[in-house]
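Student: Counting in our numbering, the sequence shown tops out at residue 163, every number present. Don't be surprised by glycine CBs; every beta carbon is placed ideally from N, CA and C.
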Amino acid sequence: MQVEKRVIALVEEKIADRPELFLVEVKMLPNNKLIIHVDGDEGISIQDCVAISRHVGFHLEEENTIEQAYNLEVSSPGVGEPLKLIRQYNKNIGRTISVKLKEGQKKEGKLLEVTEDNLLIEEAVKEKGKKAVSVQVTVPFNDIIETSVLISFK
């Protein structure tokens, strides 16, 4: 846990002058792989990931924070990664998302709006023998287990 706290501080230090960038998560896996996911309101460049990796790697080595060999990976969250922060939701307004709810339900639809407490999605509801109708549904963040962006190849 100490390693992750130090890495969070190092990443935040590196991106402090870049308000469009934000840290999504830091994970130290049992196989000594250190994963840092950073994103941006308009995405993040490879150059930004490299700069963060060099900054974090340099300081971890200088401070001997991790005693054993480790693998450092800095990237944006992958397409299949669940959304974790409100900023990620805001970035994906207008895209189709899949939301898993605590009661076991699943909602899919176009993300229309994000507030501090809720999502507003436009869901296509189809009744038997009728044409699908678009319905706006408010989903409280407290009811959400996981949200993913759906990729369409149409």
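Tell me whether Gly103 sits in a helix, a strand or coil according to DSSP, three-state version.
Tutor: coil
Student: Give a yes or no on whether the C-beta atoms belonging to Ile55 and Lys23 are separated by under 9 Å.
Tutor: By the CB criterion at 9 Å, Ile55 and Lys23 fall outside the cutoff.
Student: Could you give the uninterrupted runs of the alpha helix (DSSP H) lying entirely in the stretch 76 to 137, keeping only those of 4 residues or more?
Tutor: Restricted to the stretch 76 to 137, the alpha helix (DSSP H) segments that are unbroken, complete and at least 4 residues in length are 95 to 100, listed in chain order.
Student: Are the Cβ atoms of Val88 and Thr156 separated by less than 9 Å?
Tutor: no
Student: DSSP puts Pro149 in a beta bridge; with which residues?
Tutor: Asn127
Student: If we count Cβ pairs, one from each stretch, closer than 8 Å, do we get three or more for the stretch 26 to 45 versus the stretch 91 to 111?
Tutor: Touching, yes.
Student: Would you check if the stretch 12 to 26 and the stretch 69 to 82 touch, i.e. whether three or more CB-CB distances between them fall below 8 Å?
Tutor: With three or more CB-CB distances shorter than 8 Å, the stretch 69 to 82 counts as touching the stretch 12 to 26.
Student: Three Cβ pairs or more, each shorter than 8 Å: is that satisfied between the stretch 127 to 145 and the stretch 100 to 116?
Tutor: yes
Student: Assign Ile154 to buried or exposed, taking buried as 16 or more other Cβ atoms, counted over all protein chains shown, within 10 Å of its Cβ.
Tutor: With a 10 Å radius around the Cβ and a threshold of 16 neighbouring Cβ atoms, Ile154 comes out exposed.
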